[in-house]
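A short worksheet on the structure shown next.
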Amino acid sequence: EKKGRRRRRKSGREIQGRPLAPQKAPGQARQTSHANGSAHNPAASPASGVHAAGGVAAMASPPVRRPADDLYAALDLGTNNCRLLIAQPTRPGQFRVVDAFSRIVRLGEGLDATGTLSDDAMDRAVEALKICAGKLKNRPVRRHRLIATEACRSARNGSDFLDRVEAETGLELEVVTRETEARLAVAGCSSLVGRDTDGLVLFDIGGGSSEIAMIDLTDNRSNRLADHIKAWTSLPVGVVTLSERHGGRLVTAEVFAAMVAEVDTMLAAFTPPPLPAFSGLADGRIHLLGTSGTVTTLAGLHLDLPRYDRRKVDGLWLSNGDVDRMLDRLLSWDFDARAANPCIGADRADLVLAGCAILQSIRKRWPSERMRVADRGLREGLLNEMMASDGAWRRSGRNFRYRNHRSNPGEPQ
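Going by our numbering, the sequence shown opens with residue 59, and the numbers climb by one from there.
This is how it looks when you write it as structure tokens:
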């Protein structure tokens with residue numbers, strides 16, 4: 059393939075219902091311009107071959123990386139959204155968001171029917187990616203990872219679209235497998251696992267696919283949540299595809315039931331091995347953990363927020379009764395009522411019930427009294443993996459000492 063690209067072949071089919079393969083370290087950023095993955099801002103580096111006094115050429119000392127330069131970036135181009143996070147590591151396992159971008163682009167609009175990305179959809183995505191490229195260029199990003207998911211995996215013209223993205227924005231996107239997508243979703247949500255939990259079902263309802271991971275914590279062999287994934291599946295359906303198949307504007311109880319039934323059929327093909335943590339689902343020792351616009355919308359409705367507030371939603375626990383009440387409420391609204399709600403909006407009013415249908419099928423398959431809501435996902439998983447493999451949190455401790463020394467220059471580091 060062109061340039062030996064890392065893009066997957068179109069099938070993207072991996073064995074499902076098995077433990078994930080051992081994790082591979084994320085690829086290093088390319089040493090080119092920011093838009094192509096630079097390790098630092100070339101303009102901030104001293105030129106080589108600086109002349110010392112007396113005209114003797116001397117090599118410049120390596121640039122000292124200041125704490126503000128220790129930035130990582132993660133971009134996720136999905137079927138529905140284009141999202142970017144730029145963050146700086148702080149305490150171990152945590153980071154501070156420096157810049158962010160999110161836009162609904164509906165790259166997968168019409169893909170289910172035609173098998174190709176439409177010109178309008180590609181135009182919308184490219185315009186959003188140009189903004190992301192500008193943000194990356196203006197920050198001294200140490201390392202980044204830029205991924206594309208289901209729409210680019212499955213579209214016949216996905217590779218041509220990625221060539222266009224690279225030509226017009228300078229961004230070289232990596233098409234990840236469904237297995238990688240499932241692992242990244244888990245890595246992004248690890249801090250939200252309940253303390254008294256033996257196991258959980260973590261799901262990510264996307265625009266064109268939905269990833270589900272069964273996690274068994276009865277074996278304490280590792281403190282990395284992704285190491286406890288015992289089975290996973292990727293359903294070839296998301297909020298965009300399901301909405302387009304059944305109609306998202308006018309969703310009656312009958313239409314909703316038909317959407318749930320379609321997802322039920324897909325889930326029936328998933329046959330994971332028996333797992334100790336799931337031997338008694340009713341004992342309260344497992345829970346669901348959802349990362350998607352669907353579950354965050356339900357949380358916003360439950361809290362009756364006048365406008366969406368991530369700080370109040372991320373990590374919220376919802377009971378079975380809470381979810382049932384919000385589903386009934388959504389089903390009672392027409393399209394205009396959904397669009398008028400500040401936690402939904404016009405861009406997602408035709409998608410939210412399709413997401414709820416996928417959620418309902420998951421709830422039927424794995425009954426649990428509680429579900430935790432995550433307003434985080436692939437980008438956070440990418441950042442966590444890059445920072446961990448790069449030793450970023452060890453450096454952040456040294457940077458803390460550096461900042462104190464700069465504030466108190468008379469004191470030893």
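Where is the CB? At the ideal position from N, CA and C, for every residue including glycine. Predicted model only: the values in this text are computed from it and were never measured.
Backbone secondary structure at residue i - three-state DSSP
| i | result |
| --- | --- |
| Val122 | A caution first: Val122 carries a pLDDT of 41, below 50, which makes its placement in the model unreliable, though a value can still be read off. The answer is coil: DSSP assigns Val122 none of H, G, I, E or B. |
| Leu194 | helix |
| Asn442 | helix |
| Ala132 | strand |
| Glu167 | coil |
| Arg452 | helix |
| Glu232 | strand |
| Thr474 | Residue 474 is absent from the model: the chain starts at 59 and stops at 471. |
| Val199 | strand |
| Leu250 | helix |
| Ser176 | coil |
| Pro330 | coil |
| Ser337 | coil |
C-beta atoms of residue i and residue j nearer than 8 Å
| i | j | result |
| --- | --- | --- |
| Ile273 | Ile287 | yes |
| Gly173 | Arg214 | yes |
| Arg141 | Arg164 | no |
| Arg423 | Leu293 | no |
| Asp256 | Ala335 | yes |
| Glu232 | Ile205 | yes |
| Ser419 | Asp322 | yes |
| Thr310 | Ala243 | no |
| Ala315 | His202 | no |
| Ser268 | Ile344 | no |
Residues bridged to residue i [DSSP beta-bridge criterion]
| i | result |
| --- | --- |
| Leu359 | Answer is none; Leu359 lacks a bridge partner. |
| Ile270 | Phe261 and Thr291 |
| Pro147 | Phe153 |
| Asn139 | Ile162 |
| Ile189 | None, per the DSSP bridge assignment. |
| Leu204 | Leu133 |
| Gly348 | Phe261 and Val431 |
Classification of residue i by the beta-carbon crowding that lies within 10 angstroms, buried from 16 upward
| i | result |
| --- | --- |
| Trp290 | buried |
| Pro147 | buried |
| Arg236 | buried |
| Gln152 | exposed |
| Ser248 | buried |
| Lys193 | buried |
| Asp408 | buried |
| Asp392 | exposed |
| Gly379 | exposed |
| Gly472 | For residue 472 there is no data in the structure shown, the boundaries of the chain being 59 and 471. |
heavy atom of the ligand GTP below 7 Å from residue i C-beta
| i | result |
| --- | --- |
| Leu385 | In the structure on display, the ligand GTP does not appear, and there are no ligands present to speak of. |
**Report entry** Those runs of the beta strand (DSSP E) which lie wholly inside the segment 352-436 and span at least 3 residues
**Finding:** 375-377 and 428-432
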